[in-house]
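J.: A single structure is presented below for examination.
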């Protein structure tokens, strides 16, 4: 066989057989594959030589089937895994990842110069926030924030669950949140849609706008109205974005939602 570089078409995937451009039949010879996971009708670059046939490339570049998971279109889901173990160059995604900046969902890029010299970037999926860290000589350095939240989102309405609403239609009582310079603020007054907020209860009453969660859950006492004047309840802002209230021994005609603040997650 003459030593030649040429184009061919895959006619059979296993065992691999190709038909060289200009030929009428496939070559009946062992074909070595340097690309991997080829399919019938793939256009390939081949090296024909005295000792056999080698497929060296795929027209149009490698697709997901020819790439390891860390280099495929979306990257592997590594939720719950330890990010310290991901040092090979590629991109990953997941939430609850050990040694990520927080437990939120991230897209993660890794650039490697060997297992002891690595750079990782972690970008929040639901917020304008990005972190960076490096492994220097086998030791992981702390995460550094390199891109922060927008300076001011303005006031954004929370989304009440069924059975709960703002205390009145007056804008004075509108329940809203605002993210400004890395801090979340709240304002407003809420109530049950019918009757009082029940006593001795733990209730999810609303959902925060995307990107306003706190990690871990953030709890704060809030002054509330009761039949005997002021009676405290606890408002819990969860990492998952829900707003929960936990009441004590009295029913509440309203609950203060304003005056709370915490670092943006």
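Residue numbers (the numbering used here): 918 to 1182. Glycine included, each C-beta is placed from N, C-alpha and C at the ideal position. These figures come from a predicted structure and were not determined experimentally.
Since residue 1100 is in the beta strand (DSSP E), which residue starts that stretch and which ends it?
T.: Within the chain shown, residue 1100 is the residue found at index 183, counting from 1. That run of the beta strand (DSSP E) goes 1100-1104.
J.: Given a cut-off of 7 Å on the beta-carbon distance, is the pair residue 963 and residue 952 in contact?
T.: Against the chain shown, residue 963 aligns to sequence position 46. Against the chain shown, residue 952 aligns to sequence position 35. Cβ atoms of residue 963 and residue 952: not closer than 7 Å.
J.: According to the Cβ coordinates, are residue 948 and residue 936 closer than 7 Å?
T.: Mapped onto the chain shown, residue 948 falls at position 31. Mapped onto the chain shown, residue 936 falls at position 19. Contact: no.
J.: From which residue to which residue does the beta strand (DSSP E) around residue 1086 run?
T.: Position 169 of the chain shown, counting from 1, holds the residue named residue 1086. Element bounds for residue 1086: n/a, residue is neither H nor E.
J.: Name the DSSP bridge partner or partners of residue 952?
T.: For the purposes of this step, residue 952 is taken as the residue at position 35 of the chain shown. Answer is none; residue 952 lacks a bridge partner.
J.: Assuming residue 1021 and residue 1041 make a contact with CB atoms under 8 Å, what is their CB distance in whole Å?
T.: The count along the chain shown starts at 1 and reaches residue 1021 at position 104. The count along the chain shown starts at 1 and reaches residue 1041 at position 124. Confirmed, about 6 Å.
J.: To the nearest angstrom, report how far apart residue 1175 and residue 1098 are at their CA atoms.
T.: To locate residue 1175, count along the chain shown from 1; it is residue 258. To locate residue 1098, count along the chain shown from 1; it is residue 181. When the Cα atoms are used, residue 1175 and residue 1098 turn out to be separated by approximately 18 Å.
J.: Would you tell me roughly how many angstroms separate the C-alpha atoms of residue 1080 and residue 1123, rounded to the nearest one?
T.: Here residue 1080 corresponds to residue number 163 of the chain shown, with the count starting at 1. Here residue 1123 corresponds to residue number 206 of the chain shown, with the count starting at 1. When rounded, the distance between both Cα atoms is 10 Å.
J.: Using the Cα positions of residue 1171 and residue 1156, report the straight-line distance between them to the nearest angstrom.
T.: As a working mapping, residue 1171 is identified with position 254 in the chain shown. As a working mapping, residue 1156 is identified with position 239 in the chain shown. Residue 1171 and residue 1156: Cα-Cα distance of roughly 24 Å.
J.: What number of angstroms, rounded off, separates the C-alpha of residue 940 from the C-alpha of residue 923?
T.: In the chain shown, residue 940 corresponds to position 23, counting from 1. In the chain shown, residue 923 corresponds to position 6, counting from 1. Taking the straight line joining both Cα atoms gives about 12 Å.
J.: May I ask you to report which of helix, strand or coil DSSP gives residue 1117?
T.: Sequence index remark: in the chain shown, residue 1117 carries index 200 (1-based). Coil, per DSSP.
J.: Where do the ends of the beta strand (DSSP E) carrying residue 1178 lie?
T.: Working through the chain shown from its first residue, we reach residue 1178 at position 261. That run of the beta strand (DSSP E) goes 1178-1180.
J.: Rank 1028, 1029, 933 and 996 by C-alpha distance to the C-alpha of residue 1017 and give the top, closest one.
T.: Translated into positions along the chain shown, residue 1017 becomes position 100. Of the listed residues, the one whose Cα sits closest to residue 1017 is 996.
J.: Can you name, in chain order, every residue of its own chain whose Cβ lies under 8 Å from the Cβ of residue 975, other than the five neighbours on each side?
T.: Within the chain shown, residue 975 is the residue found at index 58, counting from 1. Closer than 8 Å at the Cβ level, and outside the excluded window around residue 975, lie 952, 955, 959, 960, 961, 962 and 983.
J.: Is there a Cβ from chain D that is less than 7 Å from the Cβ of residue 1149?
T.: Structure shown: chain D not included; a single protein chain is present.
J.: Using only the alpha-carbon positions, how far apart do residue 1078 and residue 1106 sit?
T.: Here residue 1078 refers to the residue found at position 161 of the chain shown. Here residue 1106 refers to the residue found at position 189 of the chain shown. Taking the straight line from one Cα to the other gives about 15 Å.
J.: Using the rule of at least 16 other Cβ atoms within 10 Å of the residue's Cβ for burial, across every protein chain shown, is residue 1145 buried or exposed?
T.: For the purposes of this step, residue 1145 is taken as residue 228 along the chain shown, with counting starting at 1. Bear in mind that a pLDDT of 47 at residue 1145, under 50, signals an unreliable position, so the model cannot answer this.
J.: Within a Cβ cutoff of 6 Å, which residues of the same chain sit near residue 1054, ignoring the five residues on either side of it in sequence?
T.: Numbered from its first residue, the chain shown carries residue 1054 at position 137. The residues are 1033.
J.: Considering only C-alpha positions, which residue in the set 1015, 999, 1023 and 1019 is nearest to residue 1008?
T.: If you number the chain shown from 1, residue 1008 lands on position 91. It is 1023 whose Cα lies nearest to the Cα of residue 1008.
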